[in-house]
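Below is one structure; the comments refer to it alone.
Residue numbers (this note's numbering): 6 to 398.
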């Protein structure tokens, strides 16, 4: 049982005995077969994860004050590690990493975006949402609305329905528009919390974008899987001579174009709708040498351990093609956002791609997600983002 090592998930097949009666979402205690207390958490017979542990302190009382403390700790941590400026746009709660399983809360200025994937957390969210508003107010931050992005199928695995919309409560005003303009690293973006991917924006690459901007000066950049242009715009702000931002999604390209205009970078950044796999192949066939900096930030190619080998092939294909396109001395930024694509597998794939491309990789940086998405060492699932910056030699 992983819970014996501090992991907060107890799977159904690990449960050998149940004493007493409980309902879905109730708080229950978990013991080992040797009757050693392991923790207390939310029970759910519908889910494969029978119990999600929220505390390993047998003296905890799970009243409103308990959840208020959890919220306060989470906010204090973000303010400390992100600083006052970046605190305005960051992840406030990151599920198990904050010992609030299945709960994600992101902040975009005065809008909070929440997602609850655990039945028990869904039941206590009124307390948590009120605590968020109150604690932020004590920090001088007013919240005009909490938008729930519970339009994800995984909720059904926990016995909940899908929906999205503004959370209604007497402690919140009428929120108005779901679109807000954020400033990240000096770049302006329109964030649509109602229709954007995930909660509206990918916050976890915040400081990795700065790493890209740092070496972009004077370079000709190809940003693949650009989404809303974040890496591309940071490269342009860093002094890139030209940037081509590519995404297969028409909506993503339209949003990228809007962000280009908003930042006055029309003369530097060009958005292009294309399938990245096909585009890299076409550029290779043309023996293109237009780019000396390529950024690869694909979506997760695998969301389970069963499809990792297929994912490795996909990652290798795009990295191999990018390495072949780059001149000697060019730069490559490459990422994986899948927990199942472990760092050792990702590094091995990159070594194999470099060998097949006939190049060597000089590592500049190896990074991970920004610290508002903290990694809890007893929960490997919180360690998911790999980011490497190389010079191709």
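Here a beta-carbon is modelled for each residue, glycine too, at the ideal position from N, C-alpha and C.
Leaving aside the five residues before and after residue i along the sequence, list all residues of the same chain whose C-beta is less than 7 Å from its C-beta, in chain order.
| i | result |
| --- | --- |
| residue 325 | 358, 361 and 362 |
| residue 189 | 94 and 211 |
| residue 79 | 97, 98 and 103 |
| residue 219 | 243 |
| residue 365 | 359 and 398 |
| residue 333 | 397 and 398 |
| residue 129 | 72 |
| residue 369 | 394, 395 and 396 |
So, with DSSP's three-state summary, where would you put residue i?
| i | result |
| --- | --- |
| residue 153 | strand |
| residue 203 | coil |
| residue 14 | strand |
| residue 78 | helix |
| residue 351 | helix |
| residue 211 | helix |
| residue 19 | helix |
| residue 168 | strand |
| residue 249 | strand |
| residue 398 | coil |
| residue 316 | helix |
| residue 383 | coil |
| residue 236 | helix |
| residue 53 | coil |
| residue 280 | coil |
| residue 174 | coil |
| residue 27 | coil |
| residue 275 | strand |
Could you pull out every residue in the same chain whose Cβ sits closer than 6 Å to the Cβ of residue i, ignoring the five residues on either side in sequence?
| i | result |
| --- | --- |
| residue 393 | 339 and 371 |
| residue 373 | 390 |
| residue 137 | 76 |
| residue 345 | 307, 310 and 313 |
| residue 34 | 45 |
| residue 296 | 225 and 227 |
Residue i: buried (16+ other C-beta within 10 angstroms of its C-beta) or exposed?
| i | result |
| --- | --- |
| residue 158 | exposed |
| residue 228 | buried |
| residue 120 | buried |
| residue 293 | exposed |
| residue 302 | buried |
| residue 5 | Outside the displayed span of the chain (6 to 398) sits residue 5, for which this structure offers no information. |
| residue 152 | buried |
| residue 311 | exposed |
| residue 154 | buried |
| residue 144 | exposed |
| residue 36 | exposed |
| residue 304 | exposed |
| residue 231 | buried |
| residue 160 | buried |
| residue 90 | exposed |
| residue 404 | Missing from the structure shown is residue 404; the chain here goes from 6 to 398 and no further. |
| residue 23 | exposed |
| residue 224 | buried |
| residue 241 | buried |
| residue 168 | exposed |
Flag this pair as yes or no: are the beta carbons of residue i and residue j separated by less than 9 Å?
| i | j | result |
| --- | --- | --- |
| residue 12 | residue 262 | no |
| residue 329 | residue 276 | no |
| residue 54 | residue 27 | no |
| residue 139 | residue 176 | yes |
| residue 3 | residue 92 | For the chain, the structure presents residues 6 to 398; residue 3 sits outside this window and is missing. |
| residue 100 | residue 387 | yes |
| residue 377 | residue 87 | yes |
| residue 336 | residue 397 | yes |
| residue 59 | residue 14 | no |
| residue 200 | residue 221 | no |
| residue 156 | residue 260 | no |
| residue 273 | residue 254 | no |
| residue 251 | residue 215 | no |
| residue 197 | residue 180 | no |
| residue 257 | residue 298 | no |
| residue 30 | residue 48 | yes |
| residue 267 | residue 193 | yes |
| residue 178 | residue 150 | yes |
| residue 264 | residue 375 | no |
| residue 113 | residue 164 | no |
Shorter than 9 Å from the beta carbon of residue i to some beta carbon of chain B?
| i | result |
| --- | --- |
| residue 73 | Structure shown: chain B not included; a single protein chain is present. |
If I measure Cβ to Cβ from residue i and keep anything under 8 Å in the same chain, skipping five residues before and after, which residues do I get?
| i | result |
| --- | --- |
| residue 162 | 51, 52 and 53 |
| residue 131 | 174 |
| residue 350 | 313 and 317 |
| residue 147 | 115 and 141 |
| residue 170 | 152 and 153 |
| residue 65 | 45 and 71 |
| residue 10 | 383 |
For residue i, is the beta carbon positioned less than 8 Å from some heavy atom of the ligand ZN?
| i | result |
| --- | --- |
| residue 251 | Questions concerning the ligand ZN fall outside what the structure shown contains, since it holds no ligand whatsoever. |
### Message
With three or more C-beta pairs closer than 8 Å as the rule, is the segment 221-235 touching the segment 199-210?
### Response
yes
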